[in-house]
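A.B. asks: Heads up: the sequence shown at position 402 corresponds to 401 in numbering that gives the first Met the number 0, and the numbers run straight through without jumps. Beta carbons: idealized from backbone N, C-alpha and C, even for Gly. Bear in mind the structure is a predicted one, so any value in this text is a computation, not a measurement. Have a look at the structure that comes next, please.
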Amino acid sequence: MKKWLSIFILGLITSLLFSGCFTTDDETVNAGRDQQVETGSMVYLHATVGSDVDPNDPISWIFIPPMGSSAVLYDANTLNPYFIADVDGYYYLEIRITVGTDLYNNPIKIDSSVTVLATTGNFPPIADAGDDQAALVGSIVNLDGSRSSDADDDDLTYTWSLTTPEGSSSVLSNETTDTPSFIPDLVGSYLVELIVNDGTVDSAPDIMVVTATLDNIAPVADAGDDQNATTYSTVDLDGSGSSDPDGDDLTYSWVLIPPVASTTVLNGATTITSSFIPDLEGTYTVELIVNDGTVDSAPDIMVVTVTLDNIAPVADAGDDQNATTDSTVELDGSGSSDPDGDDLTYSWTLIPPTGSNSVLSNETTVTPSFVPDLEGTYTVELMVNDGTVDSAPDTMIVTVTGVNVAPVANAGDDQIVGLGLSVVLDGTASSDANGDTLTFSWTMSLPAGSTAFLINETTATPSFVPDGEGDYTIELIVNDGTLDSAPDTVIIVGVP
Numbered sequence: 000m001k002k003w004l005s006i007f008i009l010g011l012i013t014s015l016l017f018s019g020c021f022t023t024d025d026e027t028v029n030a031g032r033d034q035q036v037e038t039g040s041m042v043y044l045h046a047t048v049g050s051d052v053d054p055n056d057p058i059s060w061i062f063i064p065p066m067g068s069s070a071v072l073y074d075a076n077t078l079n080p081y082f083i084a085d086v087d088g089y090y091y092l093e094i095r096i097t098v099g100t101d102l103y104n105n106p107i108k109i110d111s112s113v114t115v116l117a118t119t120g121n122f123p124p125i126a127d128a129g130d131d132q133a134a135l136v137g138s139i140v141n142l143d144g145s146r147s148s149d150a151d152d153d154d155l156t157y158t159w160s161l162t163t164p165e166g167s168s169s170v171l172s173n174e175t176t177d178t179p180s181f182i183p184d185l186v187g188s189y190l191v192e193l194i195v196n197d198g199t200v201d202s203a204p205d206i207m208v209v210t211a212t213l214d215n216i217a218p219v220a221d222a223g224d225d226q227n228a229t230t231y232s233t234v235d236l237d238g239s240g241s242s243d244p245d246g247d248d249l250t251y252s253w254v255l256i257p258p259v260a261s262t263t264v265l266n267g268a269t270t271i272t273s274s275f276i277p278d279l280e281g282t283y284t285v286e287l288i289v290n291d292g293t294v295d296s297a298p299d300i301m302v303v304t305v306t307l308d309n310i311a312p313v314a315d316a317g318d319d320q321n322a323t324t325d326s327t328v329e330l331d332g333s334g335s336s337d338p339d340g341d342d343l344t345y346s347w348t349l350i351p352p353t354g355s356n357s358v359l360s361n362e363t364t365v366t367p368s369f370v371p372d373l374e375g376t377y378t379v380e381l382m383v384n385d386g387t388v389d390s391a392p393d394t395m396i397v398t399v400t401g402v403n404v405a406p407v408a409n410a411g412d413d414q415i416v417g418l419g420l421s422v423v424l425d426g427t428a429s430s431d432a433n434g435d436t437l438t439f440s441w442t443m444s445l446p447a448g449s450t451a452f453l454i455n456e457t458t459a460t461p462s463f464v465p466d467g468e469g470d471y472t473i474e475l476i477v478n479d480g481t482l483d484s485a486p487d488t489v490i491i492v493g494v495p
């Protein structure tokens, strides 16, 4: 067989063997932009994929809500799932799509993450300093913060800062506008930070890097977004977002820094995509450097946070309560839950005010109780355990006051009023020893033949018009939210 034919056949076999082992430039997924929403609202996600992704490829989402949330992700096998943000905090979501398998029949996955912040009241704005840039020394670098946003649509003010390489004299121009600029005067990395303010609160800072060179522009490494994973699952790394302003071909160099005592190593340290299997919980730091044939990029670092396969339970000590001294306070931890469905054990702790001798009864059950013996604040903490790991503690407060004293009604003074004239009653002198807010209930007994009636009989100052001679007997009862007062009576005498 001729040498050229042997080479051709060998190349064809190699191509067939390795086709499908790696993702293409168009096999990508984007989970969408981070969002800020109002707590209690419906949140819709809009993920997009590259042109080479098969619509039938399996889709899954990782959904990590904040502590205390019972949110559920609906349509989790589609590009457009949704959920209700039921508590304040950060909701972390990651989409994963299996796009094929490698030579060892391991799944090849692409992923992307998005964070949703739910708050009540004013939303903090989000700063966006723009993408990292590469530039030549002596050229103008234009910055753009116009993609910064505020969920409340408040007007934004801009504060930019520039950290230059040692020896540089470069400064920002127009650093309080959305589009400042500067001229790098030395080779090196220029760190640009942007903070925006909505008139009430600053955003978190957003940082971008401008890499200045003399001639060839250094490439920019992109190790991908931070990830969450569990032990012994495959973590896929993707450096396909790396780029070179000169269009040069890139080589890749991945470095993995696992936790102490971990023996995890990278599978493919010099390819565009890499992976590893974490063997311990903890933080795995991944660094990517790319080279354009002349110069290395600055390293890009991403972090993989690994937890045990078991997911920690969530404690729920119940809502805050108000109580009076020497009454029984019932606690209820039945709202606690475990994502894995494991049986829970309960551990309650009571912190009473100074001088109190109150103690919990049945502190290892789901519904303990205690009797407060002093006025003050009683802090109750609940931790649950799923047989493997404790939950984070959940705290509720019982505010205890002295025994409630019934309020005192005061219907005002007796009056003699001419027929047809409006009579205004006055219960504002009613009082409550505990300072509670009062509600008013007036009733009226009429003389024979009268059809008069009270107007606004649930306010402190109702009125009526006497239409016949005789005594109009009017009774007032007030309530402090717990107890009724004794009735107080006022007599209005109607005369011609």
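1) Would you report the Cα separation of Ser-147 and Ile-216, rounded to the nearest angstrom?
2) Is it a yes or a no for the stretch 222–235 touching the stretch 274–283, going by three-plus beta-carbon pairs under 8 angstroms?
3) Return the first residue and the last residue of the beta strand (DSSP E) that Arg-95 is part of.
4) Applying the criterion that 16 or more other CB atoms from any shown protein chain within 10 Å of the CB defines a buried residue, is Ile-508 buried or exposed?
5) How many Å lie between Leu-424 and Gly-434 at the Cα?
6) Take the Cβ of Leu-307 as the centre, count every other Cβ of all protein chains shown within 10 Å, and call the residue buried at 16 or more, exposed below.
7) Could you give the C-beta distance for Pro-406 and Asp-479, rounded to a whole number, given that I count them as a contact under 8 angstroms?
8) If we require 3 or more residues per run, which beta strand (DSSP E) segments fall completely within the stretch 252–292?
9) Would you report the Cα separation of Thr-47 and Asn-29, rounded to the nearest angstrom?
10) Quick one: grab the DSSP three-state call for Thr-199.
11) Whose C-beta lies closer than 6 angstroms to the C-beta of Ser-14 among residues of the same chain, with five residues either side of it excluded?
12) What does DSSP give as the partner residues of Val-191 in its beta bridges?
13) Quick one: Cα of Glu-286 to Cα of Asp-235, how far?
14) Where Thr-481 and Leu-330 are concerned, what is the direct C-alpha to C-alpha distance, given to the nearest angstrom?
15) Thinking just about the alpha-carbon of each residue, which of Thr-77, Ala-322, Val-379, Pro-446 is nearest to the one in Thr-400?
16) Spell out a yes or no on whether the stretch 93–102 and the stretch 60–74 are touching, meaning 3 or more CB-CB pairs, one atom from each, closer than 8 angstroms.
17) So what's Pro-106 in DSSP terms, helix, strand or just coil?
18) Could you check the C-alpha separation between Thr-158 and Ile-182 for me, to the nearest Å?
19) Compute the distance between the beta-carbons of Gly-411 and Val-494, then report whether it is under 8 angstroms.
20) Compare the Cα-Cα distances from Leu-381 to each of Thr-176, Gly-375, Asp-389 and report the closest residue.
21) Is it buried or exposed for Ala-203, if we count other Cβ within 10 angstroms and need 16 for buried?
22) Would you decide whether Asp-152 is buried or exposed? Buried here means 16 or more other CB atoms lie within 10 Å of its CB.
23) Just the Cα atoms here: how many angstroms apart are Phe-21 and Thr-233?
24) Can you give the Cα-Cα distance for Asp-487 and Glu-468, rounded to whole angstroms?
25) Going by CA-CA distance only, name the one from Leu-72, Gly-375, Ala-260, Gly-334 that's closest to Phe-82.
26) Whole angstroms is fine: what's the gap from Leu-265's alpha carbon to Ser-357's?
27) At the level of alpha carbons, what is the spacing between Tyr-43 and Ser-138?
28) For a test of the three-state rule: what should DSSP assign to Ile-415, helix, strand or coil?
29) Given that a residue counts as buried once 16 or more other Cβ atoms are within 10 Å of its Cβ, and exposed if not, what is Ala-485?
30) With which residues is Phe-181 paired in a DSSP beta bridge?
31) Excluding the five sequence neighbours on either side, which residues of its own chain have a C-beta within less than 8 angstroms of the C-beta of Asp-385, listed in chain order?
32) Which of the three DSSP states, helix, strand or coil, is assigned to Glu-26?
33) Check whether the Cβ atoms of Ile-300 and Ala-222 sit closer than 8 angstroms, and answer yes or no.
34) Note the first and the last residue of the continuous beta strand (DSSP E) segment covering Tyr-377.
35) Taking only the alpha-carbon atoms, compute the straight-line gap between Ala-297 and Asp-225 and give it to the nearest angstrom.
36) Buried or exposed, going by whether 16 or more other CB atoms sit within 10 Å of the CB of Gly-354?
C.D. replies: Short version:
1) So the alpha carbons of these two residues sit roughly 27 angstroms apart.
2) Judged by Cβ distances under 8 angstroms, the stretch 222–235 makes contact with the stretch 274–283, as three or more pairs qualify.
3) Per DSSP, Arg-95 belongs to the beta strand (DSSP E) from 88–100.
4) Past the edges of the chain, shown from 0 to 495, lies residue 508, and the structure says nothing about it.
5) It is roughly 22 angstroms from the alpha-carbon of Leu-424 to the alpha-carbon of Gly-434.
6) Residue environment: Leu-307 is assigned as exposed (fewer than 16 neighbouring CB atoms within 10 Å of its CB, all protein chains considered).
7) 5 angstroms between Cβ atoms; contact.
8) Along the length of the stretch 252–292, whole beta strand (DSSP E) runs at least 3 residues long occupy 272–275, 281–290, reported in chain order.
9) Roughly 5 angstroms between the two C-alpha positions.
10) In this structure, DSSP gives Thr-199 a state outside helix and strand, which the three-state scheme calls coil.
11) The pLDDT assigned to Ser-14 is 39, lower than 50, so where the model puts this residue is not dependable; a value taken from the coordinates is nonetheless given after this. Excluding positions up to five away in sequence, the list is empty.
12) Per DSSP, Leu-161, Met-207.
13) The straight-line gap from Cα to Cα measures roughly 14 angstroms.
14) Each residue's alpha carbon lies about 21 angstroms from the other.
15) For Thr-400, the closest alpha carbon among the candidates Thr-77, Ala-322, Val-379, Pro-446 is that of Ala-322.
16) For the pair of segments examined, the stretch 93–102 was found to touch the stretch 60–74: the number of CB pairs separated by less than 8 angstroms reaches three.
17) Reduced to three states, the DSSP call for Pro-106 is strand.
18) One C-alpha to the other measures close to 18 angstroms.
19) Contact: no.
20) Ranking Thr-176, Gly-375, Asp-389 by CA distance to the CA of Leu-381 puts Asp-389 first.
21) Ala-203 should be labelled exposed.
22) Using a 10 angstroms sphere on the CB of Asp-152, the tally of other CB atoms stays under 16, which defines it as exposed.
23) Because the pLDDT of Phe-21 is 48, which lies under 50, any placement of that residue in the model is unreliable, and the number read from its coordinates should be weighed accordingly. Each residue's alpha carbon lies about 15 angstroms from the other.
24) Near 23 angstroms, if we compare the C-alpha coordinates of Glu-468 and Asp-487.
25) The residue with the shortest Cα to Cα distance from Phe-82 is Leu-72.
26) Rounded to whole angstroms, the gap between the alpha carbons of Leu-265 and Ser-357 is 57 angstroms.
27) Approximately 42 angstroms, taken between the alpha carbons.
28) Looking at Ile-415 - three-state DSSP - the assignment turns out to be strand.
29) Exposed.
30) Answer is Val-140, bridged to Phe-181.
31) Here the set comprises Asn-309, Ala-311, Pro-312, Asp-337, Asp-339, Asp-341, Asp-342, Leu-343.
32) When secondary structure is reduced to three states using DSSP, Glu-26 falls in the coil class, being assigned neither helix nor strand.
33) Yes, Cβ-Cβ distance for Ile-300 and Ala-222 is below 8 angstroms.
34) Its beta strand (DSSP E) spans residues 375–384.
35) Distance between the alpha carbons of Ala-297 and Asp-225: 18 angstroms.
36) Gly-354 is exposed by the Cβ-count criterion.
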